[in-house]
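A.B. asks: Got a structure for you, questions after.
2 protein chains.
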Amino acid sequence: MGVEERRQQLIGVALDLFSRRSPDEFSVDEIASAAGISRPLVYHYFPGKLSLYEAALQCASDDLASRFVEPHEGPLGARLLRVTRRYFDFVDEHGPGFSALMRGGPAVAAGGACSMSTASTANALVDSVRQAAYVQILSHLDVTDPPARLELVVRSWISLAESTALVWLDGRRVPRAELETQLVQDFAALAAVSAAHDEEMGALLRRVVAEEPADGPFGDLIDRLTAPTV
Amino acid sequence: MGVEERRQQLIGVALDLFSRRSPDEFSVDEIASAAGISRPLVYHYFPGKLSLYEAALQCASDDLASRFVEPHEGPLGARLLRVTRRYFDFVDEHGPGFSALMRGGPAVAAGGACSMSTASTANALVDSVRQAAYVQILSHLDVTDPPARLELVVRSWISLAESTALVWLDGRRVPRAELETQLVQDFAALAAVSAAHDEEMGALLRRVVAEEPADGPFGDLIDRLTAPTV
Numbered sequence: 001m002g003v004e005e006r007r008q009q010l011i012g013v014a015l016d017l018f019s020r021r022s023p024d025e026f027s028v029d030e031i032a033s034a035a036g037i038s039r040p041l042v043y044h045y046f047p048g049k050l051s052l053y054e055a056a057l058q059c060a061s062d063d064l065a066s067r068f069v070e071p072h073e074g075p076l077g078a079r080l081l082r083v084t085r086r087y088f089d090f091v092d093e094h095g096p097g098f099s100a101l102m103r104g105g106p107a108v109a110a111g112g113a114c115s116m117s118t119a120s121t122a123n124a125l126v127d128s129v130r131q132a133a134y135v136q137i138l139s140h141l142d143v144t145d146p147p148a149r150l151e152l153v154v155r156s157w158i159s160l161a162e163s164t165a166l167v168w169l170d171g172r173r174v175p176r177a178e179l180e181t182q183l184v185q186d187f188a189a190l191a192a193v194s195a196a197h198d199e200e201m202g203a204l205l206r207r208v209v210a211e212e213p214a215d216g217p218f219g220d221l222i223d224r225l226t227a228p229t230v
Numbered sequence: 231m232g233v234e235e236r237r238q239q240l241i242g243v244a245l246d247l248f249s250r251r252s253p254d255e256f257s258v259d260e261i262a263s264a265a266g267i268s269r270p271l272v273y274h275y276f277p278g279k280l281s282l283y284e285a286a287l288q289c290a291s292d293d294l295a296s297r298f299v300e301p302h303e304g305p306l307g308a309r310l311l312r313v314t315r316r317y318f319d320f321v322d323e324h325g326p327g328f329s330a331l332m333r334g335g336p337a338v339a340a341g342g343a344c345s346m347s348t349a350s351t352a353n354a355l356v357d358s359v360r361q362a363a364y365v366q367i368l369s370h371l372d373v374t375d376p377p378a379r380l381e382l383v384v385r386s387w388i389s390l391a392e393s394t395a396l397v398w399l400d401g402r403r404v405p406r407a408e409l410e411t412q413l414v415q416d417f418a419a420l421a422a423v424s425a426a427h428d429e430e431m432g433a434l435l436r437r438v439v440a441e442e443p444a445d446g447p448f449g450d451l452i453d454r455l456t457a458p459t460v
């Protein structure tokens with residue numbers, strides 16, 4: 001194997017391990033064993049577990065950000081639902097690693113060494129993924145210069161998606177498909193609350209809703225919210 | 231001054247500094263100078279900046295959790311609004327420190343030393359405050375054994391309150407009072423979306439809404455959401 005090929009193989013093995021357990025729960029020996037190579041050979045490609053972890057995080061971040069890309073075609077609710085499903089696919093595939101990372105960063109310490117720089121790297125990657133999601137959503141809303149209230153709705157919805165995924169991972173007690181639809185409807189609900197306070201948000205929401213089919217997630221929510229029982 | 235009194239004074243001075251700037255932006259010298267004592271005397275009470283930071287965080291966490299306590303009297307929407315206002319008071323008072331803490335933990339390094347244990351302490355305190363908010367909200371809903379969907383709504387709303395506060399602190403471009411009302415209405419909106427998918431949540435929401443006055447934040451939201459323009 002070439003150098004780059006071997007590095008990619010190790011990153012793949014590490015990502016698989018980091019996805020199934022918190023990174024502080026296993027050793028370089030285990031990574032070497034899973035990759036079918038010797039421990040010194042792992043160190044030949046990566047100075048230590050932390051640098052391998054950082055490389056795996058970078059790979060996972062790129063993967064996740066790529067899932068946010070969605071063609072600018074058809075109703076917005078359906079687009080957001082497709083992206084939300086791909087987000088949950090990712091969360092599902094990388095559950096324990098995702099939880100460990102999002103719950104205050106990885107308590108990774110290689111041989112007791114300090115890993116504040118790894119924590120900073122991890123935070124920066126998490127932020128870059130959030131920013132990628134934010135930019136994608138604005139582009140689908142055809143907005144280039146978002147007013148403060150729209151920024152607030154979009155950024156806080158992204159945080160809602162994260163916390164929903166984290167609570168779901170803790171026991172998986174609500175069906176995934178229900179949460180995916182619900183999250184898309186949460187976006188409309190948060191936008192509607194904001195629109196109730198601000199005419200610019202109201203105009204944006206009306207523009208979006210006007211293009212939504214009655215059987216899409218947004219249309220479905222409006223039916224349910226305006227039903228007489230609630 | 232007695233030992234405990236001097237410690238409390240130092241914690242107060244540190245909390246004030248940590249609230250106005252990120253903890254890695256100033257030195258023990260500055261803390262000593264603000265407290266009007268010598269640097270060695272600071273070290274007499276606290277082994278270093280990190281332990282003082284941890285003590286200040288503990289103090290701030292206790293303060294914040296105490297603000298969640300609200301009498302079980304009157305409509306829920308008004309109670310939640312009062313608590314949300316006290317939460318924003320806290321965020322307002324401790325803006326930069328709150329942002330630094332919530333955006334991935336403090337990059338505090340005293341003389342280059344490792345601070346993973348401080349990061350863990352900080353994470354544990356943040357989690358304990360979230361849990362205190364969660365317990366308080368359930369108690370106001372008169373629920374002791376929350377179904378999964380209610381847990382999801384409450385925990386994700388708490389995360390929404392955090393992200394709303396963080397976006398607000400970044401420029402303060404939306405009036406605080408508007409965001410406070412909006413957050414309380416977001417709670418109702420998220421509960422309504424969940425109730426649209428689940429009868430148990432529907433029953434809970436109807437019970438809460440039935441006791442709400444028309445001029446409370448929940449009644450106001452229902453008026454606005456069912457208005458024909460949206």
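Note that the protein sequences, when read in sequence, are chains A and B.
FYI, our numbering numbers position 162 of the first sequence as 162, with every residue one higher than the one before it.
In our numbering, each residue carries its 1-based index in the second sequence increased by 230.
Heads up, the beta-carbon is just placed ideally off N, CA and C, and yes, glycines get one too.
Note that the coordinates shown come from a computational prediction; the quantities given were computed from them, not determined experimentally.
Can you list, in chain order, the residues of its chain with a C-beta nearer than 6 Å to that of Gly325 (chain B)? Leave out the 5 residues immediately preceding and following it.
C.D. replies: Within the second sequence, residue 325 (chain B) is the residue found at index 95, counting from 1. Correct list, in chain order: Leu399.
A.B. asks: Can you pull the chain A residues whose beta carbon is under 8 Å from the beta carbon of Asp375 (chain B), in chain order?
C.D. replies: Looking up residue 375 (chain B) in the second sequence gives position 145. Going along chain A, no residue has its Cβ under 8 Å from Asp375 (chain B), so there is no contact; the nearest lies around 13 Å.
A.B. asks: Nearest-angstrom Cα distance between Leu396 (chain B) and Asp223 (chain A)?
C.D. replies: Locating residue 396 (chain B) in the second sequence gives position 166, where the first residue counts as 1. Locating residue 223 (chain A) in the first sequence gives position 223, where the first residue counts as 1. Answer to the nearest angstrom: the Cα atoms are 33 Å apart.
A.B. asks: Quick check: the stretch 123 to 131 of chain A against the stretch 39 to 50 of chain A, are there 3 or more CB pairs under 8 Å?
C.D. replies: They do not touch, by the three-pair rule.
A.B. asks: Say whether chain B places a C-beta atom closer than 8 Å to the C-beta of Leu221 (chain A).
C.D. replies: Taking the first sequence and counting its residues from 1, the one referred to as residue 221 (chain A) is at position 221. Judged by the 8 Å Cβ criterion, Leu221 (chain A) is in contact with chain B.
A.B. asks: Can you name the residues of chain B whose CB is closer than 7 Å to the CB of Val208 (chain A)?
C.D. replies: Along the first sequence, read from residue 1 onward, the residue named residue 208 (chain A) stands at position 208. Residues of chain B passing the Cβ test: none, with the nearest at roughly 11 Å.
A.B. asks: Any contact of the stretch 208 to 219 of chain A with the stretch 249 to 259 of chain B, i.e. 3+ C-beta pairs under 8 Å?
C.D. replies: Contact between the stretch 208 to 219 of chain A and the stretch 249 to 259 of chain B is absent, because fewer than three Cβ pairs lie under 8 Å.
A.B. asks: Would you kindly report the start and end of the unbroken alpha helix (DSSP H) that includes Asp319 (chain B)?
C.D. replies: Sequence index remark: in the second sequence, residue 319 (chain B) carries index 89 (1-based). First-last of the alpha helix (DSSP H) with Asp319 (chain B): Leu306 to Glu323.
A.B. asks: Return the chain-ordered list of same chain residues with a C-beta closer than 8 Å to the C-beta of Ala262 (chain B), the five sequence neighbours on each side being excluded.
C.D. replies: Position 32 of the second sequence, counted from the start, is the residue given in the question as residue 262 (chain B). Same-chain partners within the cutoff: Ser268, Arg269, Leu271 and Val272.
A.B. asks: Mapping DSSP to helix, strand and coil, what is Leu101 (chain A)?
C.D. replies: By 1-based counting over the first sequence, the position of residue 101 (chain A) is 101. Correct three-state label for Leu101 (chain A): helix.
A.B. asks: Can you give me the start and stop residues for the alpha helix (DSSP H) that Ala444 (chain B) sits inside?
C.D. replies: Walking along the second sequence from the start, residue 444 (chain B) turns up at place 214. Run containing Ala444 (chain B): none; DSSP gives neither H nor E here.
A.B. asks: Could you pull out every residue in the same chain whose Cβ sits closer than 7 Å to the Cβ of Trp387 (chain B), ignoring the five residues on either side in sequence?
C.D. replies: Your numbering for residue 387 (chain B) matches position 157 in the second sequence. Only Asp416, Phe417 and Leu420 meet the Cβ criterion.
A.B. asks: Can you grab the Cα-Cα spacing for the pair Val233 (chain B) / Gln239 (chain B), in whole Å?
C.D. replies: Counted from its first residue, the second sequence places residue 233 (chain B) at position 3. Counted from its first residue, the second sequence places residue 239 (chain B) at position 9. The straight-line gap from Cα to Cα measures roughly 10 Å.
A.B. asks: Is Val299 (chain B) near Ala265 (chain B), with beta carbons less than 8 Å apart?
C.D. replies: The residue you call residue 299 (chain B) lines up with position 69 of the second sequence. The residue you call residue 265 (chain B) lines up with position 35 of the second sequence. Taking 8 Å as the Cβ cut-off, Val299 (chain B) and Ala265 (chain B) do not qualify as a contacting pair.
A.B. asks: Against chain B, with Cβ distances strictly below 8 Å, would Leu190 (chain A) count as a contact?
C.D. replies: Translated into positions along the first sequence, residue 190 (chain A) becomes position 190. Judged by the 8 Å Cβ criterion, Leu190 (chain A) is in contact with chain B.
A.B. asks: With H, G and I counted as helix, E and B as strand and the rest as coil, what does DSSP make of Thr374 (chain B)?
C.D. replies: As a first step, residue 374 (chain B) must be located in the second sequence, where it is residue number 144. Coil, per DSSP.
A.B. asks: Return no unless some Cβ of chain B is closer than 8 Å to the Cβ of Asp186 (chain A).
C.D. replies: Taking the first sequence and counting its residues from 1, one reaches residue 186 (chain A) at position 186. With 8 Å as the cut-off, Asp186 (chain A) counts as an interface residue toward chain B.
A.B. asks: Taking Thr84 (chain A) and Leu183 (chain A) to be in contact with their CB atoms under 8 Å, please state how far apart those CB atoms are, rounded to whole angstroms.
C.D. replies: Counting from 1 along the first sequence, the entry for residue 84 (chain A) is found at position 84. Counting from 1 along the first sequence, the entry for residue 183 (chain A) is found at position 183. About 5 Å; that satisfies the 8 Å criterion.
A.B. asks: Between A:Ala210, A:Arg130 and A:Leu179, which lies nearest to Ser66 (chain A) when the distance is taken from Cα to Cα?
C.D. replies: Walking along the first sequence from the start, residue 66 (chain A) turns up at place 66. For the residues A:Ala210, A:Arg130 and A:Leu179, the minimum Cα distance to Ser66 (chain A) belongs to A:Arg130.
A.B. asks: Can you list, in chain order, the residues of its chain whose CB lies under 7 Å from that of Leu64 (chain A), leaving out five sequence neighbours each side?
C.D. replies: On the first sequence, position 64 is the one that residue 64 (chain A) refers to. Phe90 and Val129.
A.B. asks: Pick from A:Ser22, A:Phe88 and A:Gly74: whose alpha carbon is nearest that of Arg176 (chain A)?
C.D. replies: Taking the first residue of the first sequence as position 1, residue 176 (chain A) is located at position 176. Closest option to Arg176 (chain A), Cα to Cα, is A:Phe88.
A.B. asks: Hey, does Gln257 (chain A) have any beta-carbon neighbour from chain B nearer than 8 Å?
C.D. replies: The requested residue 257 (chain A) is not part of the displayed model; chain A covers only 1 to 230.
A.B. asks: State buried or exposed for Val144 (chain A), treating a residue as buried only when at least 16 other CB atoms are found within 10 Å of its CB.
C.D. replies: As a working note, residue 144 (chain A) is residue 144 in the first sequence. Reading the sequence as shown, one finds Thr at residue 144 (chain A) and not Val. That one is exposed.
A.B. asks: Please state if the CB of Ser393 (chain B) and the CB of Ala330 (chain B) are separated by a distance shorter than 8 Å.
C.D. replies: Position 100 of the second sequence, counted from the start, is the residue given in the question as residue 330 (chain B). Position 163 of the second sequence, counted from the start, is the residue given in the question as residue 393 (chain B). Not a contact, by the Cβ cut-off of 8 Å.
A.B. asks: Considering only their Cβ atoms, is the gap separating Glu199 (chain A) from Pro147 (chain A) smaller than 8 Å?
C.D. replies: Translated into positions along the first sequence, residue 147 (chain A) becomes position 147. Translated into positions along the first sequence, residue 199 (chain A) becomes position 199. It is not a contact, given that the beta carbons lie outside the stated cut-off.
A.B. asks: Using Cβ-Cβ distances below 8 Å, what residues of the stretch 395 to 406 of chain B are close to chain A?
C.D. replies: Correct list: Val397, Trp398, Gly401, Arg403 and Val404.
A.B. asks: What does the alpha-carbon distance come out to for the pair Val108 (chain A) and Arg7 (chain A)?
C.D. replies: Mapped onto the first sequence, residue 108 (chain A) falls at position 108. Mapped onto the first sequence, residue 7 (chain A) falls at position 7. Bear in mind that a pLDDT of 45 at Val108 (chain A), under 50, signals an unreliable position, so the number given afterwards is only what the model happens to contain. If I take the Cα positions, the gap works out to 21 Å.
A.B. asks: I'd like the ranges of any alpha helix (DSSP H) spanning at least 4 consecutive residues and lying wholly in the stretch 390 to 425 of chain B.
C.D. replies: Listed in chain order, they are 406 to 425.
A.B. asks: Candidates A:Glu178, A:Tyr134 and A:Leu81: which alpha carbon is nearest Ser424 (chain B)'s?
C.D. replies: The residue you call residue 424 (chain B) lines up with position 194 of the second sequence. Ser424 (chain B) has its Cα closest to that of A:Glu178, out of A:Glu178, A:Tyr134 and A:Leu81.
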